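Asker: There's a structure below that I have some questions on.
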Amino acid sequence: MASLFLLPAYLPPKFKTSTSPPFSPSRRKITISASAPSTKRTRKKKQQQQQQQQQQYTGEEENGYVPTLVSVPSSAEKVLRLVFMEELMVRARNADVAGVSEVIYDMIAAGLNPGPRSFHGLIVSNVLSQDEEGAMHALRRELSEGLRPLHETFISLVRLFGTKGLATRGLEILAAMEKLNFDIRKAWLVLVEELVRNNHLEDANKVFLKGAEGGLRATDELYDLIIEEDCKVGDHSNALTIAYEMEAAGRMATTFHFNCLLSVQATCGIPEIAFSTFENMEFGEDYMKPDTESYNWVIQAYTRAESYDRVQDVGELLGMMVEDYQRVQPNVRTYALLVECFSKYCVVKEAIRHFRALKRIEGGMKVLHNEGKYGDPLSLYLRALCREGRIEELLEALEAMSKDNVPIPPRAMILSRKYRTLVSSWIEPLQEEAELGYEIDYIARYVSEGGLTGERKRWVPRRGKTPLDPDAEGFIYSNPMETSFKHRCLEESRIYHRKLLKMLRNEGPAILGDVSESDYFRVEERLKKIIKGPEQNTLKPKAASKMIVSELKEELEAQGLPTDGTRNVLYQRVQKARRINRSRGRPLWVPPVEEEEEEVDEELDELISRIKLQEGNTEFWKRRFLGEGLQESYDNEIESDDSEIIDVTDDVDAVDEVSKDAEDEEADEEEEEVDLNDTQVVDRIKDKEVEAAKPLPMIGVQLLKDSDQMTSSSRKSRRKSRVSVEDDDDDDWFPLDIHEAMKELRNRKVFDESDMYTIADAWGWTWDRELKNKAPQKWSQEWEVELAIQLANKVVELGGMPTIGDCAMILRAAIRAPMPSAFLTILQMTHRLGYVFGSPLYDEIITLCLDLGELDAAIAIVADLETSGIKVPDETLDRVISARQNKDNP
Numbered sequence: 077m078a079s080l081f082l083l084p085a086y087l088p089p090k091f092k093t094s095t096s097p098p099f100s101p102s103r104r105k106i107t108i109s110a111s112a113p114s115t116k117r118t119r120k121k122k123q124q125q126q127q128q129q130q131q132q133y134t135g136e137e138e139n140g141y142v143p144t145l146v147s148v149p150s151s152a153e154k155v156l157r158l159v160f161m162e163e164l165m166v167r168a169r170n171a172d173v174a175g176v177s178e179v180i181y182d183m184i185a186a187g188l189n190p191g192p193r194s195f196h197g198l199i200v201s202n203v204l205s206q207d208e209e210g211a212m213h214a215l216r217r218e219l220s221e222g223l224r225p226l227h228e229t230f231i232s233l234v235r236l237f238g239t240k241g242l243a244t245r246g247l248e249i250l251a252a253m254e255k256l257n258f259d260i261r262k263a264w265l266v267l268v269e270e271l272v273r274n275n276h277l278e279d280a281n282k283v284f285l286k287g288a289e290g291g292l293r294a295t296d297e298l299y300d301l302i303i304e305e306d307c308k309v310g311d312h313s314n315a316l317t318i319a320y321e322m323e324a325a326g327r328m329a330t331t332f333h334f335n336c337l338l339s340v341q342a343t344c345g346i347p348e349i350a351f352s353t354f355e356n357m358e359f360g361e362d363y364m365k366p367d368t369e370s371y372n373w374v375i376q377a378y379t380r381a382e383s384y385d386r387v388q389d390v391g392e393l394l395g396m397m398v399e400d401y402q403r404v405q406p407n408v409r410t411y412a413l414l415v416e417c418f419s420k421y422c423v424v425k426e427a428i429r430h431f432r433a434l435k436r437i438e439g440g441m442k443v444l445h446n447e448g449k450y451g452d453p454l455s456l457y458l459r460a461l462c463r464e465g466r467i468e469e470l471l472e473a474l475e476a477m478s479k480d481n482v483p484i485p486p487r488a489m490i491l492s493r494k495y496r497t498l499v500s501s502w503i504e505p506l507q508e509e510a511e512l513g514y515e516i517d518y519i520a521r522y523v524s525e526g527g528l529t530g531e532r533k534r535w536v537p538r539r540g541k542t543p544l545d546p547d548a549e550g551f552i553y554s555n556p557m558e559t560s561f562k563h564r565c566l567e568e569s570r571i572y573h574r575k576l577l578k579m580l581r582n583e584g585p586a587i588l589g590d591v592s593e594s595d596y597f598r599v600e601e602r603l604k605k606i607i608k609g610p611e612q613n614t615l616k617p618k619a620a621s622k623m624i625v626s627e628l629k630e631e632l633e634a635q636g637l638p639t640d641g642t643r644n645v646l647y648q649r650v651q652k653a654r655r656i657n658r659s660r661g662r663p664l665w666v667p668p669v670e671e672e673e674e675e676v677d678e679e680l681d682e683l684i685s686r687i688k689l690q691e692g693n694t695e696f697w698k699r700r701f702l703g704e705g706l707q708e709s710y711d712n713e714i715e716s717d718d719s720e721i722i723d724v725t726d727d728v729d730a731v732d733e734v735s736k737d738a739e740d741e742e743a744d745e746e747e748e749e750v751d752l753n754d755t756q757v758v759d760r761i762k763d764k765e766v767e768a769a770k771p772l773p774m775i776g777v778q779l780l781k782d783s784d785q786m787t788s789s790s791r792k793s794r795r796k797s798r799v800s801v802e803d804d805d806d807d808d809w810f811p812l813d814i815h816e817a818m819k820e821l822r823n824r825k826v827f828d829e830s831d832m833y834t835i836a837d838a839w840g841w842t843w844d845r846e847l848k849n850k851a852p853q854k855w856s857q858e859w860e861v862e863l864a865i866q867l868a869n870k871v872v873e874l875g876g877m878p879t880i881g882d883c884a885m886i887l888r889a890a891i892r893a894p895m896p897s898a899f900l901t902i903l904q905m906t907h908r909l910g911y912v913f914g915s916p917l918y919d920e921i922i923t924l925c926l927d928l929g930e931l932d933a934a935i936a937i938v939a940d941l942e943t944s945g946i947k948v949p950d951e952t953l954d955r956v957i958s959a960r961q962n963k964d965n966p
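Each position in the sequence shown, counted from 1, maps to that position plus 76 in the numbering used here.
Next up, the structure:
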């Protein structure tokens with residue numbers, strides 16, 4: 077091995093080699109020679125000095141070698157030297173440089189010459205006091221005495237220079253050790269380790285690579301330390317180079333080293349790099365297989381990549397992790413990253429499932445909040461729940477935050493366009509600002525928000541600027557289309573009854589018990605009616621060209637637009653308002669329709685309650701796969717109207733897009749100035765409604781349509797190929813009968829029943845199956861008000877501040893119910909927050925209580941208003957007093 081380091085300039089001439097070059101690979105031993113020309117007088121003087129040194133060294137066993145000519149020291153001299161050495165070492169450990177020097181002078185005065193161990197104590201005292209110049213001065217003094225320093229002396233100096241970050245001086249010490257024929261490996265390891273631990277990574281990498289190139293082999297601990305530290309600071313290049321050196325030295329990279337590299341690759345913004353490393357781990361040896369942290373880094377890389385939607389990649393990675401569940405299990409960071417990913421890409425159902433797993437781990441909310449970094453995933457999740465009207469899950473999340481002592485993040489409380497927060501922005505009507513009981517000074521509000529100084533947050537980016545997400549920092553949250561809690565309850569009911577209908581058709585009448593065929597058909601029709609929901613045609617606005625003046629004014633007035641002008645002006649105004657609503661993703665205004673109350677059939681409801689869903693019940697489906705309990709499929713002739721049933725779990729987005737496209741096309745055609753008579757317009761509208769009502773064609777149907785357009789020659793050739801395939805006995809085939817098909821699957825052993833498991837089985841989600849099969853609660857205005865009050869109180873408890881618009885919306889919902897018992901609770905909460913409504917709103921509440929016969933509620937409201945210092949009009953007090961007198965004196 078070649079010499080690694082440079083020869084230091086401070087070595088005395090006595091310790092310079094005479095023949096060996098500085099980088100001689102022969103490793104010749106050092107020969108000591110004098111640099112001055114030799115004379116007879118100097119030779120005689122040197123011989124006398126050597127004899128004196130030999131006599132002095134005989135009593136000092138600390139020099140590391142025994143001269144050939146020695147004089148046996150006396151026992152008294154040994155005891156005296158031992159006493160001096162003990163005192164010297166005690167002072168050296170206490171970093172007492174002056175004390176060590178004093179002991180050395182006392183030794184000389186007593187006739188004892190200090191040896192290498194004495195100077196070792198002097199150098200160590202300087203090292204412990206962090207005095208590198210003093211340590212080097214002591215070393216030069218030792219060398220000038222003609223002594224050979226100890227190996228431990230050089231180690232202590234190297235440690236000092238590593239701590240100070242003086243890599244160059246450390247290399248000089250290593251060179252000196254090499255010239256004195258010491259083993260430098262330990263000193264090199266100490267120097268690199270100290271440089272790493274004291275955050276001098278650049279110098280540590282240089283020293284490490286210099287030694288590795290010279291053939292020095294590091295310890296496993298040092299390889300792990302320097303690779304980990306390089307990756308922590310993002311130095312991927314050096315970490316990879318050192319990993320290659322480690323493999324060249326005979327130690328292969330393990331899961332730990334790959335995870336360190338993944339930690340850097342996950343933050344570079346190109347997740348494909350991290351995934352390629354992950355694939356190498358996946359198909360490698362057992363010692364490099366990915367663990368939970370490996371999956372976490374790749375999930376993070378996909379989640380925080382800003383190129384495009386990566387939720388599909390995360391889903392595939394999640395599937396691989398579930399398949400490997402016997403070896404790899406998720407931790408709190410896994411769940412937090414998955415919640416962040418699914419919230420970011422609006423897959424809220426999956427985000428909720430993983431959040432329920434996260435909240436069962438102590439401190440999970442702090443990990444999800446992540447100190448507000450990366451867009452604050454906790455706020456993103458809370459607002460995603462609010463946006464989709466999932467208020468039960470929102471309350472569940474706030475309870476988990478309260479358990480982990482996590483306050484509600486400020487970003488979760490960003491205002492909506494109507495000055496409402498997550499406390500009430502899910503209460504219908506969604507597109508209206510709350511009625512506060514007094515006129516709003518919009519100019520004063522604009523000024524107070526910083527409109528004159530430019531500090532006011534914008535709803536959307538300025539025109540001509542780079543398009544940004546309205547949810548980005550600096551912009552008030554503006555979602556184009558929110559879902560109300562009422563609509564969410566309706567959708568959940570449809571999804572649940574869709575599953576019931578599918579289960580009913582799969583199981584047949586046997587699932588209902590001992591019932592007749594007519595009962596089966598009644599239950600099926602009832603489920604189909606619930607799934608279909610109310611007629612969709614009533615929710616479409618009437619064509620503006622067919623509306624009379626009163627209808628045009630009604631639509632304009634409902635949207636707060638001017639209603640003056642001729643019919644042509646009103647028509648143009650309505651068309652423009654509709655175009656604006658479509659461009660901003662808002663629903664079109666339709667005349668209010670009174671909802672018909674559903675007829676309750678207790679007998680049918682009891683039969684429907686007998687249908688038990690088996691979603692997520694792995695044992696049930698295993699028995700089915702083995703042929704146990706499998707019956708003939710009972711599927712009757714589906715009527716034509718059944719084709720309108722849409723799988724809301726899969727095709728809602730597609731149906732919404734088709735309906736929007738149909739509305740846009742209809743609106744565009746209405747705006748064309750074409751002279752058509754009334755009958756032609758009516759026929760055209762009817763045709764378009766029929767086309768919009770048609771179900772989406774399935775992919776198989778589209779393929780069949782494409783195949784019909786092929787030429788006859790291609791059909792003949794395909795027919796011939798089909799015949800040849802049918803004649804081939806070796807070709808794969810599959811029976812059509814379900815019993816035979818299941819039997820064939822078992823015989824072929826395509827997959828075993830042990831492979832039948834869900835993510836809930838693999839990860840121990842005991843709650844998942846019960847929640848999936850739970851019947852959704854029916855919406856009611858009273859339930860909505862109760863949830864709103866709970867939500868507002870929980871937000872206040874966690875440090876949030878609802879707006880006065882939130883309080884007004886909750887109060888208005890209680891008025892619609894009506895719920896006089898909730899009026900006082902809502903008003904007390906409002907007054908505690910420091911808000912005061914206008915007198916007309918208070919008067920309306922008290923009057924409503926009196927009309928409903930709730931005199932005690934009216935009196936309690938009046939008392940609370942007076943306690944809060946709010947003046948009640950005399951007319952209102954007179955009505956309350958007269959109602960009280962009438963009650964006392966009927």
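Each residue gets a CB set at the ideal place from its N, CA and C atoms; glycine is no exception. None of the values given here were measured: they were computed from a predicted structure.
Taking 9 Å as the threshold (C-beta atoms), are I231 and A263 in contact?
Answerer: Within the sequence shown, numbered from 1, the residue matching residue 263 stands at position 187. Within the sequence shown, numbered from 1, the residue matching residue 231 stands at position 155. A contact, by the Cβ cut-off of 9 Å.
Asker: Using a Cβ-Cβ cut-off of 8 Å (strictly less than) and excluding sequence neighbours within five positions of W697, which residues of its own chain qualify?
Answerer: In the sequence shown, residue 697 corresponds to position 621, counting from 1. Only Q690 and M832 meet the Cβ criterion.
Asker: Rounding to the nearest angstrom, what Cα-Cα distance links E305 and L298 in this structure?
Answerer: As a working mapping, residue 305 is identified with position 229 in the sequence shown. As a working mapping, residue 298 is identified with position 222 in the sequence shown. Cα to Cα, the separation comes out at about 10 Å.
Asker: According to DSSP, simplified to helix, strand and coil, what is R534?
Answerer: Sequence index remark: in the sequence shown, residue 534 carries index 458 (1-based). DSSP places R534 in strand when its eight states are reduced to three.
Asker: Helix, strand or coil for E209? Go by DSSP, reduced to three states.
Answerer: Here residue 209 refers to the residue found at position 133 of the sequence shown. Looking at E209 - three-state DSSP - the assignment turns out to be helix.
Asker: Classify E601 as helix, strand or coil using the three-state DSSP reduction.
Answerer: On the sequence shown, position 525 is the one that residue 601 refers to. The answer is helix: DSSP assigns E601 an H, G or I state.
Asker: Name the two residues that bound the continuous alpha helix (DSSP H) containing P617.
Answerer: Position 541 of the sequence shown, counted from the first residue, corresponds to residue 617. Neither: P617 is in no alpha helix (DSSP H) and is coded neither H nor E.
Asker: Return yes when the Cβ of E321 is within less than 9 Å of the Cβ of A288, no when it is not.
Answerer: Counting from one through the sequence shown, the residue named residue 288 turns up at place 212. Counting from one through the sequence shown, the residue named residue 321 turns up at place 245. Closer than 9 Å, so yes.
Asker: At the level of alpha carbons, what is the spacing between E525 and T906?
Answerer: Indexing the sequence shown from 1 puts residue 525 at position 449. Indexing the sequence shown from 1 puts residue 906 at position 830. Taking the straight line from one Cα to the other gives about 22 Å.
Asker: Take every Cβ of the stretch 849-864, pair it with every Cβ of the stretch 557-577, and state whether three or more of those distances are shorter than 8 Å.
Answerer: Flag = yes, the stretch 849-864 and the stretch 557-577 touch.
Asker: I want to know whether the stretch 447-456 touches the stretch 412-424 - three or more CB-CB distances under 8 Å.
Answerer: Touching, yes.
Asker: N753 by DSSP, collapsed to three states: which one?
Answerer: Taking the sequence shown and counting its residues from 1, the one referred to as residue 753 is at position 677. The pLDDT assigned to N753 is 37, lower than 50, so where the model puts this residue is not dependable; a value taken from the coordinates is nonetheless given after this. Coil, per DSSP.
Asker: Only counting the same chain, and skipping five residues up and downstream in sequence, which positions put a Cβ closer than 7 Å to that of T952?
Answerer: By 1-based counting over the sequence shown, the position of residue 952 is 876. If we look at T952 and ignore the five residues flanking it on each side, its Cβ neighbours are D919 and I922.
Asker: With the cut-off set at 9 Å, would you say A350 and L338 are in Cβ contact?
Answerer: If you number the sequence shown from 1, residue 350 lands on position 274. If you number the sequence shown from 1, residue 338 lands on position 262. Taking 9 Å as the Cβ cut-off, A350 and L338 qualify as a contacting pair.
Asker: To the nearest angstrom, report how far apart T694 and S830 are at their CA atoms.
Answerer: Your numbering for residue 694 matches position 618 in the sequence shown. Your numbering for residue 830 matches position 754 in the sequence shown. Near 10 Å, if we compare the C-alpha coordinates of S830 and T694.
Asker: Beta-carbon separation of V423 and Y371 under 9 Å?
Answerer: As a working mapping, residue 423 is identified with position 347 in the sequence shown. As a working mapping, residue 371 is identified with position 295 in the sequence shown. No. Outside cutoff.
Asker: Run the CB neighbour count on S659, radius 10 Å, all protein chains shown included, and call it buried at 16 or more, exposed below.
Answerer: Along the sequence shown, one-based indexing puts residue 659 at 583. That one is exposed.
Asker: With three or more beta-carbon pairs closer than 8 Å as the criterion, would you say the stretch 868-886 touches the stretch 589-596?
Answerer: These segments do not touch.
Asker: Using the three-state DSSP reduction, which class does E691 fall into: helix, strand or coil?
Answerer: Counted from its first residue, the sequence shown places residue 691 at position 615. Of the three classes helix, strand and coil, the one that applies to E691 here is coil, per DSSP.
Asker: Pick helix, strand or coil for N257, following the three-state DSSP scheme.
Answerer: Numbered from its first residue, the sequence shown carries residue 257 at position 181. Note: N257 maps to coil in three-state DSSP.
Asker: Who are the Cβ neighbours of R261 in its own chain at under 6 Å, not counting the five residues just before and after it?
Answerer: Working through the sequence shown from its first residue, we reach residue 261 at position 185. Same-chain partners within the cutoff: L292.
Asker: By Cβ distance, which residues of its chain are closer than 7 Å to A836, with the 5 residues on each side in sequence left out?
Answerer: In the sequence shown, residue 836 corresponds to position 760, counting from 1. The answer, listed in chain order, is G692, D844 and R845.
Asker: With DSSP collapsed to three states, give me the class of Q402.
Answerer: Mapped onto the sequence shown, residue 402 falls at position 326. Residue state, collapsed to three classes: coil.
Asker: Would you call H815 buried or exposed, if buried means 16 or more other Cβ atoms sit within 10 Å of its Cβ?
Answerer: Translated into positions along the sequence shown, residue 815 becomes position 739. When all chains shown are included, H815 counts as exposed.
Asker: Go to E635, then tell me how far its alpha helix (DSSP H) extends in each direction, as first and last residue.
Answerer: Position 559 of the sequence shown holds residue 635. In the sequence under discussion, the amino acid at residue 635 is Gln, which differs from the Glu named in the question. No alpha helix (DSSP H) contains Q635, which DSSP labels as neither H nor E.
Asker: Determine the direct distance from the alpha carbon of V871 to that of V728, and round the result to whole angstroms.
Answerer: If you number the sequence shown from 1, residue 728 lands on position 652. If you number the sequence shown from 1, residue 871 lands on position 795. The pLDDT assigned to V728 is 34, lower than 50, so where the model puts this residue is not dependable; a value taken from the coordinates is nonetheless given after this. Near 32 Å, if we compare the C-alpha coordinates of V871 and V728.
Asker: Measure how close the beta-carbons of A243 and H276 come, nearest whole angstrom, since I'm counting them as under 8 Å.
Answerer: Position 167 of the sequence shown, counted from the start, is the residue given in the question as residue 243. Position 200 of the sequence shown, counted from the start, is the residue given in the question as residue 276. Sure, about 7 Å apart at Cβ, within 8 Å.
Asker: Is it buried or exposed, K255, if we count other Cβ atoms within 10 angstroms and call 16 or more buried?
Answerer: Indexing the sequence shown from 1 puts residue 255 at position 179. So K255 ends up on the buried side.
Asker: If distances are taken between C-alpha atoms only, which option among Y522, R493 and I519 comes closest to A510?
Answerer: As a working note, residue 510 is residue 434 in the sequence shown. Out of Y522, R493 and I519, R493 has the C-alpha closest to the C-alpha of A510.
Asker: Unbroken alpha helix (DSSP H) runs of length 4 or more, entirely within the stretch 360-395: which are they?
Answerer: Runs found: 368-379.
Asker: Taking only the alpha-carbon atoms, compute the straight-line gap between V948 and E862 and give it to the nearest angstrom.
Answerer: Within the sequence shown, the letter at position 872 stands for residue 948. Within the sequence shown, the letter at position 786 stands for residue 862. Their Cα atoms are separated by approximately 27 Å.
Asker: Please list the terminal residues of the continuous alpha helix (DSSP H) segment that includes T239.
Answerer: For this step, residue 239 is matched to residue 163 along the sequence shown. Counting along the chain, the alpha helix (DSSP H) containing T239 begins and ends at H227 to K240.
Asker: So what does DSSP say about D950, is it helix, strand or coil?
Answerer: Looking up residue 950 in the sequence shown gives position 874. Reduced to three states, the DSSP call for D950 is helix.
Asker: Taking all protein chains shown into account, decide if Y457 is buried (16 or more other Cβ within 10 angstroms of its Cβ) or exposed.
Answerer: The residue you call residue 457 lines up with position 381 of the sequence shown. It is buried - the Cβ of Y457 has at least 16 other Cβ atoms within 10 Å.
Asker: What is the C-beta distance between P485 and H430, in whole angstroms, given that I count them as a contact (C-beta under 8 Å)?
Answerer: Counting from one through the sequence shown, the residue named residue 485 turns up at place 409. Counting from one through the sequence shown, the residue named residue 430 turns up at place 354. Contact flag wrong, Cβ pair sits at about 19 Å.
Asker: Does the Cβ-Cβ distance between D311 and H333 come in under 9 Å?
Answerer: As a working mapping, residue 311 is identified with position 235 in the sequence shown. As a working mapping, residue 333 is identified with position 257 in the sequence shown. Cβ distance not < 9 Å, so D311 and H333 don't count as in contact.
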